[in-house]
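The structure appears right after this line, and notes come after that.
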Amino acid sequence: MVAYGNLYWFYAVGLLTLPAVVLGLSGRRIRGYGLVATLLVAGVLMVQHPSQLIWLVVFCAYQGLLVKGWLRYLTSHPGVHRYLPRAVAVAATLPLALVKVLGIFPSLSVGFLGVSYLSFKVIQLVLEITDGLIKEPASGVGGGLSWLELAYFVLFFPTLASGPIDRSRRFQADADRTWTPTEYSHLLGRGLTLLLQGAVYKFVLAAWFASQLSWASGWPRTLAYMYLYSGQLFFDFAGYSAMAVGLSYLYGVRTPPNFRMPFVAESIKDFWNRWHISLSFWFRDYLYTRMTMYLMRKKLFKERATAGRVAMVANMVLMGFWHGFTVHYVLYGLYHGLLLVANDVYEKKCPLYAYRARTWYRIAAILVTAQLVIVGFLIFSGHVIAI
Amino acid sequence: MDQAQEATVIRLLTEACGTDEVSNERDIDLFEAGLLDSMAFTEVLVGLEDELGVRIAPTEVERDEVATVNRLLRFVDERI
């Protein structure tokens, strides 16, 4: 069974989801059943590779203790802490870093399905606990973050394999809700539409683009490859994401979307608000903004803008490393980091930018942005830099 | 919030957006208008912390909640 990969998955998950739909349509809370379904699917997906199941259990125990422990510690020791928050953030990132670094040596694999996406969720929990945005309830009864709530958020099976990466406070508000039958029927309609759209994207359109890739090899066919690969990459991942969001809706959880017509972006900045949104916003909120604030506070650079630009490049290079420790992924990150800086300089210095609301400008901007983005995907594909 | 504090918020926004359109158009969505982006928004957060002592965590507010001059003023007012 492969998540969203074969018919078996759709039959099994379809059957499994029927009770959730019945609960939803009869106006009852789906959370309890959703958690059971989540644990079941996570177990079934991983049990095919027992070592993955073991690593998943170790990961959950470690991160669970870290999150719960940190929350309890900050509740009993309020005030300003200098180094502890950083140490806890590093501890939460450690499993992902280990998986990524050891991933260079295939024999040392400690990874499991979805380790990146689960880690992103845990890291955001830890940072929001540090910021005081997630608190232990004053009364100690209900609310807060119980083990079950933590497990449901982190492991939520529709988004287990590859996101989208939800936010804990948003997720929990949806999960805790009891939708009225009318509200739920809207969610159901939306969910089914997204499932269908995603299936067409992934199994029809992405498959078509992929089938065309084989003949498009060698120079100058690299040019054709670049466009076909971009099409495949988009429809495959946007298709998966739409299905993941659609399935979430069936469980009453409005997982945020991952794509918003990325090829009509009017600038590189705009592109990152439209492409793999949940990942780029995660990097923006939990890495970029924090790094920029740190650099600005320390006044390491004369101008605030310089600090922002340095953080931009570092942010994108790290995103490249996250994709994998290979030359083409890191170059892809660097390429986008430098494009973002160029974008920023352009907006601040170039008089042409004043025409940004005109139709001719917007059309030209969309065309230029799309080409820059597609060249980026060629770098990303590893097709030209074979290492 | 007194007038000096309000002026500070508006100056921070003007500097970050790079235009004084900001002080006249108090209800336009600055993100949608292309005046405010992640970097400029971060500059505003650091500025608020430096000059008014208002510390806002990066994910504490949804951008919608502080996307216009008036909404940001209201938000900062509650925190002073």
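Residue numbers (my numbering), protein chains in the order written: chain A, 780 to 1166; chain B, -1 to 78.
The beta carbon of each residue, even a glycine, is placed where N, CA and C say it ideally should be.
Taking 8 Å as the threshold (beta carbon to beta carbon), is residue i in contact with chain B?
i                  : result
ASP953 of chain A  : no
GLU907 of chain A  : yes
THR1068 of chain A : yes
MET1075 of chain A : yes
ASP1123 of chain A : yes
ARG861 of chain A  : no
LEU1146 of chain A : no
ARG1137 of chain A : no
GLY919 of chain A  : Caution is warranted here: a pLDDT of 48 is assigned to GLY919 of chain A, below 50, making its placement in the model unreliable, and no coordinate value can be reported.
THR1071 of chain A : yes
LEU912 of chain A  : yes
ASP1064 of chain A : yes
LYS1127 of chain A : yes
LYS1048 of chain A : yes
GLY1099 of chain A : no
GLY777 of chain A  : With chain A running from 780 to 1166 in the structure shown, residue 777 of chain A is simply not present.
ARG1083 of chain A : yes
Give the range of the alpha helix (DSSP H) segment to which residue i is assigned.
i                  : result
PHE988 of chain A  : 986 to 992
GLN976 of chain A  : 960 to 978
GLN1150 of chain A : 1138 to 1160
GLU19 of chain B   : 19 to 22
VAL1043 of chain A : Per DSSP, VAL1043 of chain A belongs to no alpha helix (DSSP H) and is neither H nor E.
PHE838 of chain A  : 829 to 855
LYS879 of chain A  : 863 to 881
GLU4 of chain B    : 1 to 15
HIS1102 of chain A : 1083 to 1102
ALA930 of chain A  : 926 to 934
Taking residue i as the reference, give the member of the options with the closest Cα.
i                  : options                                       : result
SER1160 of chain A : A:ALA989, A:TRP1061, A:ARG1076 and A:LEU881   : A:ALA989
ARG1088 of chain A : A:HIS1107, A:MET1070 and A:LYS1077            : A:MET1070
GLY813 of chain A  : A:ARG1000, A:LEU1026 and A:VAL826             : A:LEU1026
LYS879 of chain A  : A:VAL894, A:LEU1074, A:VAL1043 and A:ILE1158  : A:VAL894
ALA986 of chain A  : A:HIS1162, A:PHE1014 and A:GLY1155            : A:PHE1014
ASP945 of chain A  : A:SER1059, A:GLY1099 and A:VAL823             : A:SER1059
VAL42 of chain B   : B:LEU70, B:GLU19 and B:ILE26                  : B:LEU70
TYR1019 of chain A : A:LEU1002, A:TYR1030, A:LEU984 and A:TYR1067  : A:LEU984
SER830 of chain A  : A:LEU892, A:LEU802 and A:LEU797               : A:LEU892
LEU1146 of chain A : A:VAL1043, A:VAL1024 and A:HIS1055            : A:VAL1043
TYR1028 of chain A : A:TYR1125, A:LEU845, A:LEU835 and A:ALA954    : A:ALA954
PRO1041 of chain A : A:ARG1033, A:VAL1032 and A:TRP1051            : A:TRP1051
LEU877 of chain A  : A:LEU1151, A:PHE1104, A:LEU844 and A:ASP1123  : A:PHE1104
LEU1157 of chain A : A:LEU1074, A:ASN1122, A:GLU1126 and A:TYR1008 : A:TYR1008
PRO793 of chain A  : A:LEU974, A:GLY1010 and A:VAL859              : Residue identity check: residue 793 of chain A is Gly in the sequence provided, not Pro. The option with the nearest alpha carbon to GLY793 of chain A is A:LEU974.
LEU924 of chain A  : A:GLY848, A:ALA1144 and A:TYR790              : A:GLY848
If we cut at 8 Å on Cβ distances, does residue i have a partner in chain A?
i                : result
LEU46 of chain B : no
GLY51 of chain B : no
ASP35 of chain B : yes
ALA65 of chain B : no
GLU30 of chain B : no
GLU41 of chain B : yes
THR57 of chain B : yes
Any idea what DSSP makes of residue i, helix, strand or coil?
i                  : result
ASP1064 of chain A : helix
ARG780 of chain A  : One detail in the question is off: residue 780 of chain A reads as Met in this sequence, not Arg. Three-state result, MET780 of chain A: coil.
ASP945 of chain A  : coil
ALA1114 of chain A : The question names Ala, yet the displayed sequence has Tyr at residue 1114 of chain A. Looking at TYR1114 of chain A - three-state DSSP - the assignment turns out to be helix.
LYS914 of chain A  : coil
PHE737 of chain A  : Lying outside 780 to 1166, the shown extent of chain A, residue 737 of chain A is not represented and no answer is given.
GLY811 of chain A  : helix
ALA65 of chain B   : coil
TYR1073 of chain A : helix
ILE902 of chain A  : helix
GLY45 of chain B   : helix
TYR1030 of chain A : coil
GLU84 of chain B   : Nothing can be reported for residue 84 of chain B: it is not among the residues displayed for chain B, which extend from -1 to 78.
ASP955 of chain A  : helix
ASN1052 of chain A : coil
LEU28 of chain B   : coil
ALA940 of chain A  : coil
VAL1163 of chain A : coil
GLY803 of chain A  : helix
ARG77 of chain B   : helix
PRO1130 of chain A : helix
Would you please state the rounded distance, in angstroms, between the beta carbons of residue i and residue j? I believe it to be under 8 Å.
i                  : j                  : result
TYR1065 of chain A : LEU906 of chain A  : 6 Å
TYR1004 of chain A : HIS1162 of chain A : 6 Å
THR57 of chain B   : LEU912 of chain A  : 7 Å
PRO874 of chain A  : TYR841 of chain A  : 7 Å
VAL775 of chain A  : LEU1113 of chain A : This structure cannot settle anything about residue 775 of chain A, because the visible part of chain A is limited to 780 through 1166.
ALA940 of chain A  : TYR980 of chain A  : Not confirmed; about 16 Å, so no contact.
LEU50 of chain B   : VAL67 of chain B   : Not a contact, Cβ separation roughly 15 Å.
Residue i versus chain C: which residues are under 9 Å apart at the beta carbon?
i                 : result
ARG865 of chain A : Protein chains A and B are contained in the structure displayed, whereas chain C is not.
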